[in-house]
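Protein chains: 6
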Amino acid sequence: MAKSRREKGIEKMNQVLGKGGDIVINKLKEIAPDFGDMIIEFAYGDIYNRPGLDMKSREIASVAALTVMGNVIPQLKVHIQGALNVGCSETEIVEVIMQMSAYGGFPAALNAMFAAKEVFSKNKK
Amino acid sequence: MAKSRREKGIEKMNQVLGKGGDIVINKLKEIAPDFGDMIIEFAYGDIYNRPGLDMKSREIASVAALTVMGNVIPQLKVHIQGALNVGCSETEIVEVIMQMSAYGGFPAALNAMFAAKEVFSKNKK
Amino acid sequence: MAKSRREKGIEKMNQVLGKGGDIVINKLKEIAPDFGDMIIEFAYGDIYNRPGLDMKSREIASVAALTVMGNVIPQLKVHIQGALNVGCSETEIVEVIMQMSAYGGFPAALNAMFAAKEVFSKNKK
Amino acid sequence: MAKSRREKGIEKMNQVLGKGGDIVINKLKEIAPDFGDMIIEFAYGDIYNRPGLDMKSREIASVAALTVMGNVIPQLKVHIQGALNVGCSETEIVEVIMQMSAYGGFPAALNAMFAAKEVFSKNKK
Amino acid sequence: MAKSRREKGIEKMNQVLGKGGDIVINKLKEIAPDFGDMIIEFAYGDIYNRPGLDMKSREIASVAALTVMGNVIPQLKVHIQGALNVGCSETEIVEVIMQMSAYGGFPAALNAMFAAKEVFSKNKK
Amino acid sequence: MAKSRREKGIEKMNQVLGKGGDIVINKLKEIAPDFGDMIIEFAYGDIYNRPGLDMKSREIASVAALTVMGNVIPQLKVHIQGALNVGCSETEIVEVIMQMSAYGGFPAALNAMFAAKEVFSKNKK
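Chains as they are written, first to last, in the working numbering: chain L, 152 to 276; chain G, 152 to 276; chain P, 152 to 276; chain B, 152 to 276; chain V, 152 to 276; chain C, 152 to 276.
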């Protein structure tokens with residue numbers, strides 16, 4: 152029997168983000184539970200489940216985008232962990248962020264690098 | 152004998168961007184030739200030449216970033232072509248842009264998709 | 152029988168955007184038809200169909216956001232027309248854009264105002 | 152006798168922002184008191200006092216814009232409170248922010264939603 | 152007798168922007184004449200008339216900001232001309248834009264450089 | 152004997168940023184030391200060392216750009232201190248930030264002003 156968008160979304164979100172996804176969805180429960188459902192169903196159920204791009208490339212794209220946006224550090228951290236979860240090495244993540252200095256400038260890349268440092272060192276504890 | 156930053160940069164830029172890079176550098180010649188040199192030496196000589204991230208992943212990161220930035224369509228087109236040049240499929244590029252709708256919104260992703268459409272159809276002629 | 156997300160989305164998109172929505176979806180057909188479906192199902196089927204906010208307020212919010220983003224003029228024009236379609240007056244749209252100068256600065260507000268001028272005068276023909 | 156821009160501005164700012172406006176103006180006193188005056192006179196005296204758009208719509212526009220800008224959380228909180236002050240319901244504010252995910256992406260909308268959660272729960276104490 | 156904000160604004164705007172300012176104000180006449188007045192009175196009458204920063208520095212700041220914003224090329228061109236009008240050299244403008252590559256990335260700086268090239272060569276005709 | 156890009160970069164960075172630069176470079180040591188080198192060599196060795204624009208103008212441009220970007224407060228603080236270090240007065244910095252309200256809006260300018268307040272008062276201790 153075909154899985155629902157929601158079931159596919161939860162499965163994929165857990166695979167990519169680990170418990171980082173649950174924390175976000177739980178924080179939304181009191182104020183906007185439907186918004187949590189949208190993230191699960193649309194972002195993870197629909198988009199991340201599409202064939203045509205491997206999961207490592209998807210997370211490299213996410214880390215790149217969130218780095219140059221510069222104003223979404225909490226989500227960047229979640230996806231730096233996500234990138235590690237789907238098989239990116241710390242070096243690959245550092246390289247993506249460093250490369251972003253050419254597109255979004257040094258300040259945004261610096262703040263992303265410090266976010267990565269925090270995620271990496273948390274994992275070492 | 153070790154290649155200079157400039158030599159390494161030109162080689163890498165040609166590999167990634169094809170003639171798209173030359174056009175940009177030439178347009179800078181009259182007004183700011185040193186700025187063209189910086190792009191060649193820093194972006195392509197230093198960054199793109201670093202080991203630790205394969206060229207396909209680098210261009211996926213670039214397309215992702217330029218999509219969410221939303222205001223740099225000419226450079227996005229150059230890097231959509233660049234992504235094709237280093238081995239990305241049209242499908243992979245379309246998937247990256249589609250995924251960006253979740254990070255940078257639908258309008259930016261839409262404009263990037265139309266940019267991709269233009270690049271792809273130019274290649275077919 | 153309950154309408155599908157797609158049916159609800161098409162209905163709502165037509166109500167808000169008129170033919171402006173169809174044009175976008177059609178332009179996507181060749182390159183990324185699924186992306187057109189996502190816009191219809193997620194943006195119009197899921198979000199715009201939610202109760203809790205009237206359609207005029209939704210379009211005022213869209214015009215405000217697209218004005219300060221500053222880099223998505225084609226989508227801004229579609230939603231300026233959308234705002235008119237759901238009952239906003241030209242004056243209300245002008246006021247929203249003028250107010251945005253305080254949040255996103257004068258240059259972005261100016262470009263939005265010129266976009267509005269274009270949409271309004273097209274309607275007069 | 153006609154009120155001055157300053158008098159009109161203070162009155163309107165108080166009506167919309169309550170004490171949230173005073174706090175900002177006071178924080179400016181030591182470093183740039185004239186800048187506080189500009190905000191009062193231009194933003195509230197000139198713009199918010201204009202007829203042609205009701206106060207609820209103005210605050211919906213502000214919340215929408217500050218959500219997609221993504222980098223101005225303190226000001227977003229002040230205007231979420233402002234939206235409540237001029238008669239928006241919590242549901243309407245949540246809907247505006249949720250809708251913004253389609254324009255400015257999920258990360259910016261998520262951070263705005265958490266800002267709203269903070270403002271709403273502060274009011275309940 | 153003290154000049155009005157409007158008189159001071161027109162004088163300053165003409166000094167800085169030359170006919171570039173008039174063109175903008177005229178384009179606003181049909182749709183939002185009050186918005187043109189705000190730009191004259193607030194931006195030029197109030198801000199640009201303040202002592203404490205010389206006019207060359209003001210235009211260097213404007214060119215820098217409009218370059219990294221990346222999405223307001225028409226206004227950037229007007230202020231590149233403005234910078235020349237108040238005594239900046241072409242070299243100084245080129246240097247500001249080049250420096251911005253470190254803050255806002257190469258693509259935004261490139262587009263600004265091409266805008267400068269257009270303004271400079273227009274002046275040579 | 153000609154100084155290396157690195158030597159010129161360290162000298163210039165120290166002149167402009169004082170110990171603020173070292174702190175950043177040190178924070179990068181563990182995660183991405185090469186990225187620190189790039190900032191030193193490219194941003195300070197190549198760009199800031201160029202003739203054609205005086206150091207005060209360079210820092211005015213940086214403060215302006217970082218203000219409107221709005222999402223890079225730590226770097227803005229470093230360059231507000233940098234502006235003071237190369238001879239800008241507090242008044243000049245306040246004026247640049249105030250002027251930015253016209254280009255990037257009041258919220259970004261407000262947050263920059265509060266950053267300046269912090270830097271100024273730290274210097275007074």
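We put the CB at the ideal spot given by N, CA and C, even for glycine. Keep in mind the model is a prediction, meaning the values are calculated, not measured.
Item: Is isoleucine 198(C) close to chain A? Criterion is C-beta to C-beta, closer than 8 Å.; Value: The structure shown contains no chain A; the protein chains it does contain are L, G, P, B, V and C.
Item: Do serine 208(G) and glutamate 243(L) have their beta-carbon atoms positioned less than 8 Å apart in this structure?; Value: yes
Item: If we ignore side chains and look at the alpha-carbon of each, how far apart do glycine 169(G) and glutamate 241(P) end up?; Value: 48 Å
Item: Ordered along the chain, which non-local residues of its own chain (more than five positions away) have a Cβ less than 6 Å from that of glycine 233(C)?; Value: Val167, Leu168 and Glu210
Item: Output the boundary residues of the alpha helix (DSSP H) element that contains glycine 187(G).; Value: 184-189
Item: Within 8 Å (strictly less), CB to CB, does methionine 164(C) reach chain G?; Value: no
Item: Which residues in the same chain as isoleucine 224(B) place their Cβ atom closer than 7 Å to its Cβ, once the five residues preceding and following it in sequence are excluded?; Value: Asn262 and Ala266
Item: List, in chain order, every chain P residue whose beta-carbon is nearer than 7 Å to that of glycine 256(C).; Value: Ala253, Tyr254, Gly255 and Gly256
Item: What does a CB cutoff of less than 6 Å around glycine 172(P) pick up in its chain, not counting 5 residues either side in sequence?; Value: Met164
Item: Which of the three DSSP states, helix, strand or coil, is assigned to leucine 261(P)?; Value: helix
Item: Output needed for aspartate 188(B): all residues of its chain with C-beta closer than 8 Å, excluding positions within five of it in sequence on either side, in chain order.; Value: Arg157
Item: Going by other Cβ atoms of all chains shown within 10 Å of its Cβ, with 16 needed for buried, is serine 252(V) buried or exposed?; Value: buried
Item: Using CA coordinates, which residue listed in Ile190(P), Ala259(P) and Gln250(P) is at the minimum distance from glycine 196(B)?; Value: Gln250(P)
Item: Go ahead and label glutamate 181(G) buried or exposed: buried means 16 or more other beta carbons lie within 10 angstroms of its beta carbon, across all protein chains shown.; Value: exposed
Item: Can you tell which of Ile198(V), Cys239(V) and Lys276(V) has the C-alpha that lies nearest to the C-alpha of leucine 204(C)?; Value: Cys239(V)
Item: Write down the C-beta distance between alanine 215(G) and alanine 215(L) rounded to the nearest angstrom, noting that I regard them as a contact closer than 8 Å.; Value: 4 Å
Item: Interface residues of chain L around leucine 217(C) at Cβ under 7 Å?; Value: Pro258
Item: Consider the Cβ of alanine 267(V): report whether some Cβ of chain C lies at a distance smaller than 8 Å.; Value: no
Item: For alanine 153(V), is the classification buried or exposed, using 16 other Cβ atoms within 10 angstroms of its Cβ as the cut-off for buried?; Value: exposed
Item: Just to make sure I have the definition right: I need the residues of chain L whose C-beta is within less than 8 Å of the C-beta of valine 175(C). Which are they?; Value: Leu261
Item: For isoleucine 248(B), does the count of other Cβ atoms within 10 angstroms reach 16, so buried, or fall short, so exposed?; Value: buried
Item: Return the CA-CA distance between glycine 256(P) and glycine 221(P), expressed in angstroms with no decimal places.; Value: 10 Å
Item: Any idea if proline 258(L) is buried or exposed, counting beta-carbon neighbours within 10 angstroms, 16 or more meaning buried?; Value: buried
Item: Looking at the C-beta of glutamate 283(V), does it have a partner C-beta in chain P at a distance below 8 Å?; Value: Because chain V here runs from 152 to 276, residue 283(V) falls outside it and cannot be looked at.
Item: In terms of alpha-carbon separation, which member of Arg201(G), Phe271(G), Pro202(G) and Phe193(G) lies closest to histidine 230(G)?; Value: Phe271(G)
Item: Checking contacts by CB at 8 Å: is methionine 206(P) closer than that to chain L?; Value: no
Item: Excluding five sequence neighbours on each side, which residues of the same chain lie with their C-beta closer than 6 Å to the C-beta of phenylalanine 160(G)?; Value: Sequence check: residue 160(G) is glycine here, not phenylalanine. Taken in chain order, the residues that qualify are Ile191, Glu192, Tyr195 and Gly196.
Item: Distance cutoff 8 Å, beta carbons only. Does glycine 171(C) sit that close to anything in chain B?; Value: no
Item: When you compare only the Cα positions, how much space is there between glutamate 246(V) and lysine 276(C)?; Value: 35 Å
Item: What does alanine 212(L) touch in chain G if you count any residue whose Cβ is under 8 Å from its own?; Value: Ile211, Ala212, Val214, Ala215, Val247, Gln250 and Met251
Item: Determine the DSSP secondary structure at serine 208(P), reduced to helix, strand or coil.; Value: helix
Item: So, with DSSP's three-state summary, where would you put methionine 152(L)?; Value: coil
Item: Taking 8 Å as the threshold (beta carbon to beta carbon), is methionine 264(L) in contact with chain C?; Value: yes
Item: Under the assumption that methionine 264(B) contacts leucine 179(L) (Cβ atoms under 8 Å), give the Cβ distance between them as a whole number of angstroms.; Value: 7 Å
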